[in-house]
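Heads up, the thing below is written out as structure tokens.
In the UniProt record's numbering, the protein residues as written are 1 to 356.
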């Protein structure tokens with residue numbers, strides 16, 4: 001990308017030039033990039049305003065008095081580092097001298113960021129008095145100040161998006177090389193990460209591509225020692241307890257000892273329930289459970305032989321949260337929805353930026 005103005009969370013542009021990106025900017029899957037919002041501490045607006053053409057104050061869509069969220073605005077390459085709200089222009093990504101900065105973001109990235117920060121324990125411990133939107137603004141402000149004080153500079157790339165991840169893939173479009181542009185891999189970075197048609201069908205494709213088990217899962221190796229503490233509880237009581245636990249707590253309990261791996265089994269029914277409702281993998285919040293159950297070609301299998309589906313294959317896939325820009329490395333590389341690929345990429349960027 002030629003511009004140094006981009007979404008600080010995903011590294012994506014706010015405006016698509018057909019001759020640069022070699023795609024149709026009118027397609028529905030690219031419209032999310034035009035929904036641009038400004039996020040800031042309210043006091044930053046009065047200090048970063050330039051070109052005042054109206055005394056009308058911009059509308060704050062945030063329900064948190066400590067953070068400002070603008071209405072949708074747009075940006076063109078001729079606007080430099082200024083964004084228009086109403087009849088006035090505001091300078092972004094510049095410290096006002098009090099540690100406050102106006103951040104330009106895609107609205108979709110803001111929504112994903114709030115989901116991550118609402119769930120991440122490191123953030124909630126530090127800023128548990130703030131709303132998720134307030135936490136997001138605080139995280140961006142702290143990162144901006146860290147870059148400034150550590151000598152990294154005050155550039156617009158707050159999270160080192162112009163780099164490769166651990167697998168050697170570009171973290172954002174900023175780091176895409178010529179090979180990726182020629183191969184149209186850049187489209188993945190530009191596809192809507194919120195509205196993802198076909199995500200439920202993708203899960204079905206994963207299940208169909210994985211050999212089914214021939215029956216109930218084999219029990220864990222029988223332990224050599226006697227039961228202790230919670231291991232002595234009757235299975236019926238453990239079932240009642242685990243029914244009220246978050247799925248990740250059930251997984252932790254299952255893995256805590258060999259005895260509990262027998263008494264708290266993680267079978268296909270467990271994985272299917274918690275994958276489908278989004279509680280096991282919060283980045284997959286929009287699966288259509290009815291579509292999974294009512295798929296006309298597999299309805300009998302889901303209703304009568306649910307245990308024969310290898311739902312662990314879905315779990316292993318979703319655990320990755322990060323997929324290669326050049327495919328999954330298997331026959332499913334062409335099946336993964338591009339929007340889901342992009343959502344997982346943005347989710348991982350925000351998670352990596354969270355305190356440990």
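Beta carbons are placed, not taken as given, at the ideal position from N, Cα and C, and that holds for glycine.
The model shown is predicted, which means the values in this text are computed figures rather than measured ones.
Own chain residues within Cβ distance below 6 Å of residue i, not counting five before or after
i: residue 63; result: none
i: residue 245; result: none
i: residue 67; result: 133, 134 and 137
i: residue 198; result: 337
i: residue 171; result: 161, 163 and 165
i: residue 288; result: 200
i: residue 108; result: 32, 193 and 194
Assigned exposure category for residue i - 16 Cβ within 10 Å defines buried
i: residue 191; result: buried
i: residue 72; result: exposed
i: residue 185; result: buried
i: residue 310; result: buried
i: residue 4; result: exposed
i: residue 274; result: buried
i: residue 137; result: buried
i: residue 125; result: In this predicted model, residue 125 has a pLDDT of only 49, less than 50, meaning its place in the structure is not dependable enough to derive any value.
i: residue 50; result: exposed
i: residue 266; result: buried
i: residue 77; result: exposed
i: residue 342; result: buried
i: residue 61; result: exposed
i: residue 353; result: buried
i: residue 276; result: buried
Chain-order list of residues whose beta-carbon lies under 7 Å from that of residue i (same chain, five-residue window excluded)
i: residue 304; result: Any reading at residue 304 must be qualified, since the residue scores a pLDDT of 41, below 50, and its modelled position is unreliable; the value itself is stated next. If we look at residue 304 and ignore the five residues flanking it on each side, it has no Cβ neighbours.
i: residue 260; result: 231, 253 and 254
i: residue 114; result: 132, 133 and 136
i: residue 96; result: 44, 47 and 48
i: residue 291; result: 200
i: residue 220; result: Its pLDDT being 49, under 50, residue 220 is placed unreliably by the model, and nothing is read from it.
For residue j and residue i, the rounded distance between their alpha carbons
i: residue 314; j: residue 45; result: 46 Å
i: residue 98; j: residue 139; result: 16 Å
i: residue 13; j: residue 169; result: 19 Å
i: residue 355; j: residue 100; result: 20 Å
i: residue 239; j: residue 38; result: 48 Å
i: residue 280; j: residue 318; result: 10 Å
i: residue 345; j: residue 165; result: 10 Å
i: residue 201; j: residue 208; result: 10 Å
i: residue 143; j: residue 149; result: 10 Å
i: residue 206; j: residue 160; result: 33 Å
i: residue 156; j: residue 82; result: 13 Å
i: residue 282; j: residue 272; result: 14 Å
i: residue 176; j: residue 36; result: 23 Å
i: residue 297; j: residue 203; result: Confidence at residue 297 is low in this model, with a pLDDT of 48, below 50, so its placement is unreliable and the value that follows should be read with caution. Each residue's Cα considered, the two are about 14 Å apart.
i: residue 248; j: residue 242; result: 11 Å
i: residue 59; j: residue 145; result: 27 Å
i: residue 24; j: residue 93; result: 29 Å
i: residue 80; j: residue 269; result: 54 Å
i: residue 33; j: residue 26; result: 11 Å
i: residue 55; j: residue 65; result: 21 Å
i: residue 17; j: residue 87; result: 25 Å
i: residue 106; j: residue 167; result: 26 Å
i: residue 189; j: residue 74; result: 19 Å
i: residue 210; j: residue 335; result: 14 Å
Check whether residue i and residue j have beta carbons under 8 Å apart
i: residue 91; j: residue 349; result: no
i: residue 104; j: residue 118; result: no
i: residue 112; j: residue 347; result: yes
i: residue 130; j: residue 6; result: no
Residue closest to residue i, alpha-carbon to alpha-carbon, out of the options
i: residue 339; options: 82, 209, 323 and 277; result: 323
i: residue 30; options: 61, 193, 65 and 87; result: 193
i: residue 237; options: 7, 203 and 264; result: 264
i: residue 57; options: 32, 249, 108 and 85; result: 85
i: residue 110; options: 8, 226, 75 and 233; result: 8
i: residue 325; options: 234, 235, 251 and 187; result: 187
i: residue 256; options: 28, 228 and 70; result: 228
Same chain only: Cβ atoms within 8 Å of residue i, ignoring 5 sequence neighbours per side
i: residue 351; result: 116, 120 and 321
i: residue 141; result: 41, 99, 100 and 101
Contact with chain C by residue i, beta-carbon distance below 8 Å
i: residue 176; result: Of the protein chains in this structure there is only one, and it is not chain C.
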